[in-house]
Amino acid sequence: MSISEIEQYRLEKAVRALCCSRNQNTPVEQGKLQYEIYTGGVIFSELDFLLDSSHCNSDNPIAKLEYDKRDEHWMLYVAQHDPEEPGVQTWLPYPNLSKQETFDPLLEILEEDPQHMFW
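Sequential numbering from 102 applies to the sequence shown in my numbering.
Here it is in structure tokens:
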């Protein structure tokens, strides 16, 4: 079963609020958070800016929130970047975190980052 339109709307609204809150409270030098919604999930990227520029210097995927249709659960993944192949990443499950029935607790973990995996 895939997520409903209402759940998709709730996801978009919650993700937008998370990104807006983080971006308002974070200096440009520390990077800004961007998201890309796709069917069944969201990819979060950190945008890096040069100090004298308003244009993005790099876009690095850092996290992925994904709905598993088979298990009907949400999972949070961390991007692991390959230093030898820029732009290539592997998605690893967030450590010590079980699947969740809703995405809300996973967004809280992303925002608070208790294991310092993202910020």
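Ideal Cβ positions, reconstructed from N, Cα and C, are used throughout, including at glycine.
Any idea which residues DSSP pairs residue i with across the strands?
i, result
"M176", "E167"
"Y136", "F145"
"Q190", "H182"
Among the options, whose alpha-carbon lies nearest the alpha-carbon of residue i?
i, options, result
"N197", "E185, D149, V179", "V179"
"Y168", "Y139, L134, Q181, P187", "Y139"
"H217", "Y195, Q201, E137", "Y195"
"L177", "D160, E202, N161, E185", "E202"
"S103", "Q135, G142, E137", "G142"
"Q131", "C121, T191, L148", "L148"
Report buried or exposed for residue i, applying the criterion of at least 16 other Cβ atoms within 10 angstroms of its Cβ.
i, result
"I210", "buried"
"Y110", "exposed"
"I163", "buried"
"L193", "exposed"
"S146", "buried"
"K85", "Outside the displayed span of the chain (102 to 220) sits residue 85, for which this structure offers no information."
DSSP state of residue i, grouped into three classes?
i, result
"N124", "helix"
"D183", "coil"
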